[in-house]
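What follows is a set of notes on a single structure, which appears directly below.
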Amino acid sequence: MKQVLRIWAVILVISVICIRFFYASPFAATWDEVDFTLALKQYDILAMQPHFPGYPFFILGGMITHIFIENPVQSLGIFNAIMALGAAFPMYWIARYYVSKTSALIVVAVLQTSGYFSILVTQPMSEGAALAIVWWYIWSIERAFRTKCFRTQFWPILFFALLMGIRLSYAPFGIALILLLWQQWHEEKWRFIILFCTAVLSQLVWVSALIWNIGGITGLWEISFGFVEGHFTEWGGAVTDTSEPLISRLYRLLSENIIFAGIGIHSYYLVAFFLFFLFLFVLQWKNIRCYPKVLIALGIFYFLWNLFGQNIDKPRHSYPIVAMLLCVLAISWLKNNRGIILLLFATSQLMVSIPLMKEQQVEVPATYQLASYLEEKQEPFIVYTWEETRVMEYLQVPYEHKRFYTYSYFLQDKKYHKNDNIYVTNHLIEGFQKQGINIEGQVEKEAVFYSNPLFDPVYHKIVLYKWKKDSVVK
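Residue numbers (the working numbering): 819 to 1292.
Right, here's the structure in full:
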């Protein structure tokens, strides 16, 4: 029976790894995706190629794969797929410390077939590569706490530096590294000094790339300060940037980001399967001890960071919680139970995610649909958008488009287009409404464009409006 379970798990892992290479998305459908894609041709942080903090290691990986793959968007997805393949090893080693070889393979199957993980990996975003490095980091930090071998203390330092050079928002994982250094300080101060210097120097590798690209430390400081300030006060979606009640944020984080999107990938079947397994898990709670402790601690800490410091409108920001939750549940269950139910769950994840990966590869995103629709217009016009204009710039559309965040600037620019048709998107109108501008009756609906909200939770629905002639809201 063990042999059957082992083969089953291996087939699942190999299948999902291979499928991701075939289904890398060819679309740069969002502002961030365009930033990353343009960076492969010219790395320029000041030109938002990409935006701060630069993601130098992720872009470097994309540049290397771009040598072999013509489409720059797919180059980033393929790089993510390569990194995800490599993550299978630390996943196995983490689980193997607590359970048998067969059970460890089952844990890898559950983690690798996670549908939302596959969606993130096949997108031209840094999350896929960053999540892969998170597993290497967790494996190395757990190993460093277990052993007194000095050499093992260096690995989490190096992996954390690599992680920061791929995705800075995963910085809260560094709390484990701080605890490791604190432990060394109390045990062997000379070790602490060496490890601390190594940590600083390893971080300087990717920071120096930013300094060189921006043109100096002063410029880097100004950009980083503006980024941090904007994240927590304007556009970052943190708890300091919203009037939404904390209980509402908590509910959305748990129900939408973690359960419905992160685990269920908008499949009621997968959600029901997971809740059934969770029910069985709770029934045997007295016989189960949860492992690994490091993973549980990091998961709780990242959960708080996600709740208070990140934009929960985007479930991708919450996926590390999902990954750690699945790992802890799988390992803890397999300590005293057979893995058939987990393999059935992993198989279900794969079956549900394959059509979604294919859809993401072939279905035209809403932002692309909007750009194509307007390209067919014959009369003189201009379209005002929120962030959609970044995609239009990337597609090099032949018509005029502008991005405005304030209504007063919009009115000022609109005066220069008295003889043109004026189009606006729903996201621009929603931005005006937040500024207290009531535009009801001033626009008429022209067209609506849809794509899967799982791939882009913000711009999956774009409504194009035509501004009525001589309509001005004061």
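Yeah, the Cβ is synthetic: ideal placement off N, Cα and C, and Gly gets one too.
Under 8 Å between C-beta atoms of residue i and residue j
i	j	result
V928	L1101	no
W826	L1161	yes
L998	F972	no
A1184	S1269	yes
V1209	A842	no
L1071	S1136	yes
S936	R1009	no
I975	L1022	no
I1200	Y1225	no
I993	L903	no
F876	I1032	no
Alpha-carbon spacing of residue i relative to residue j, whole angstroms
i	j	result
A989	L1096	30 Å
H1030	M866	Here the sequence assigns Trp to residue 1030, which means His is not the residue at that position. Taking the straight line from one Cα to the other gives about 15 Å.
L1213	A857	15 Å
A1027	Y861	10 Å
E1264	V917	59 Å
I1149	R824	15 Å
G1127	V1046	11 Å
T1243	V939	29 Å
K1284	L1192	12 Å
M1175	Q930	14 Å
T1016	R1156	43 Å
N1237	V1215	21 Å
P868	E851	9 Å
Which listed residue (the options) has its alpha carbon closest to that of residue i
i	options	result
E1005	Y873, F968, Y1086	F968
Y915	S958, P874, D1231	S958
L1152	I951, N1124, L1168, C1108	C1108
F840	G880, N898, L878	N898
L980	S944, K919, A1141	S944
L1272	A1115, V834, K1132	K1132
M819	I1158, Q1187, Q1260	I1158
V1276	F991, V1201, I1130	I1130
W1024	P874, K1220, F1222	P874
K919	N889, L986, V822	V822
Q1178	H1235, P844, S833	P844
E1218	Q1230, Y1227, H1235	H1235
E1074	L1147, N1105, F870, R1134	R1134
E1248	Q1230, L830, K1279	K1279
Per DSSP, cross-strand counterpart(s) of residue i
i	result
G1203	The residue asked about is misnamed: residue 1203 is Thr in this sequence, not Gly. According to DSSP, which records beta bridges pairwise, T1203 is partnered with R1221.
F1267	I1280
E1262	K1284
Y1241	V1201, K1284
P867	The residue you asked about is not Pro; residue 867 is Gln in the sequence shown. DSSP, once it has assigned bridges, lists D862 as partnering Q867.
Cut-off 7 Å between Cβ atoms - residues of its own chain near residue i, not counting five sequence neighbours on either side
i	result
F977	I951, W954, Y955, S958
E960	I912, P1110, V1112
A947	F876, G879, F897, N898, M901, I984
F1078	H1084, V1089
K1232	I1240
Nonlocal neighbours in the same chain, by C-beta distance under 6 Å from residue i, ignoring five residues either side
i	result
G880	L858, S893, L894, F897
I891	The sequence given here places Val at residue 891; Ile does not occur at that position. If we look at V891 and ignore the five residues flanking it on each side, its Cβ neighbours are P844, A846, T855, P942.
Own chain, CB closer than 8 Å to residue i, minus 5 neighbours either side, in chain order
i	result
Y1087	S1166, V1170
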